[in-house]
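Residues in the sequence shown are numbered consecutively from 1, following full-length UniProt numbering. See structure below.
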Amino acid sequence: MPAAGLARAGNGGSDRPVPEAHVPHAAGLLEGDVVAGSPSGFNDAIIEQFRANEGHVAQFGRHLVLLHHIGARSGAERVSPVMTFPADGGGWLIAASKAGAPDHPAWYHNLKAHPKIVIEVPGEGEVDVVAEELLGAERDAAWRVFTERSAGFADYERRTSRVIPVIRLRRA
1 MPAAGLARAG NGGSDRPVPE AHVPHAAGLL EGDVVAGSPS GFNDAIIEQF RANEGHVAQF
61 GRHLVLLHHI GARSGAERVS PVMTFPADGG GWLIAASKAG APDHPAWYHN LKAHPKIVIE
121 VPGEGEVDVV AEELLGAERD AAWRVFTERS AGFADYERRT SRVIPVIRLR RA
């Protein structure tokens, strides 16, 4: 594993689909960053609800994790709620969709610079993980997990010309 930067992976599969009704369209609401300890509106409310309800958030169920990441340039600790699905072989999949914006979310760049992070997981608490960007066929299979489980992700893909990165978070 390189000291800096997202690890790269090549081949793999996907998990079985969850009915779309169980995974709401996120509308990009989870793509911001929250500087640890600072107020920031909607994401702070999501984080508070996540922690108060053992990982359950009304509009997202238990499909979220909280990423604790370090700013690539600032070095500041940040927390971002992101939608996740189980990864084949263990771990979690997250997508750097930013609701189909032309650029990647800040947390993606932060994970590239500092791939060893902590996530908060419903029912498990804090878990040390390593972020690994999926490539090629493995990325495509993992991306299908998102588009099959939530129509919002297919909308995001249509809105942008960039390839939306998919990251596997594996236990450290």
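Even glycine gets a Cβ: it sits at the ideal position worked out from N, Cα and C.
Cβ-based burial, residue i [other Cβ within 10 Å; buried from 16]
i, result
"Asn53", "exposed"
"Gly55", "buried"
"Val163", "exposed"
"Ala106", "buried"
"Ser74", "exposed"
"Phe42", "exposed"
"Arg139", "buried"
"Ala151", "exposed"
"Gly10", "Any answer about Gly10 is weak, because its pLDDT of 38 lies below 50 and its placement is not dependable; what the coordinates show is given next. Under this definition Gly10 is an exposed residue."
6 Å CB neighbourhood of residue i in its chain, flanking five on each side removed
i, result
"Phe146", "Ala95, Phe153"
"Gly100", "Tyr156, Arg159, Thr160"
"Ala87", "Leu93, Arg168"
For residue j and residue i, believed in contact at Cβ under 8 Å, the rounded distance
i, j, result
"Lys116", "Ala172", "6 Å"
Contact set for residue i: own chain, Cβ-Cβ below 8 Å, skip 5 residues either direction
i, result
"His114", "Ala4, His69, Ile70, Ala72"
"residue 233", "Outside the displayed span of the chain (1 to 172) sits residue 233, for which this structure offers no information."
"Phe85", "Asp15, Val18, His63, Trp92, Leu93, Val145, Phe146, Arg149"
"His109", "Ala72"
"Val121", "Gly55, Val65, Trp92, Val127"
Nearest-angstrom Cα separation, counted from residue j out to residue i
i, j, result
"Glu124", "Gly136", "31 Å"
"residue 176", "Gln49", "Given a span of 1 to 172 for the chain in the structure shown, any question on residue 176 remains unanswerable."
"Lys98", "Asp44", "17 Å"
"Ala21", "Met83", "Residue confidence for Ala21 is low, a pLDDT of 34 falling below 50, so the modelled location carries little weight; the figure read from the coordinates is stated next. Roughly 15 Å between the two C-alpha positions."
"Gly89", "Val127", "16 Å"
"His25", "Pro165", "In this prediction, His25 has a pLDDT of 38, which is less than 50 and means its spatial position is unreliable; what the coordinates show is noted afterwards. One C-alpha to the other measures close to 18 Å."
"Phe60", "His104", "22 Å"
Own chain partners of residue i with C-beta closer than 7 Å, once the 5 adjacent residues on each side are dropped
i, result
"Leu47", "For clarity, residue 47 is Ile in the given sequence; the question names Leu instead. So the list reads Val34, Leu66, Val79, Pro81, once near-sequence residues are dropped."
"Leu169", "Gly91, Trp92, Ile94, Ile119, Val129, Ala131"
"Arg51", "none"
Uninterrupted beta strand (DSSP E) stretches inside the region 58–107 (no shorter than 3 residues): 64–70, 77–83, 92–95
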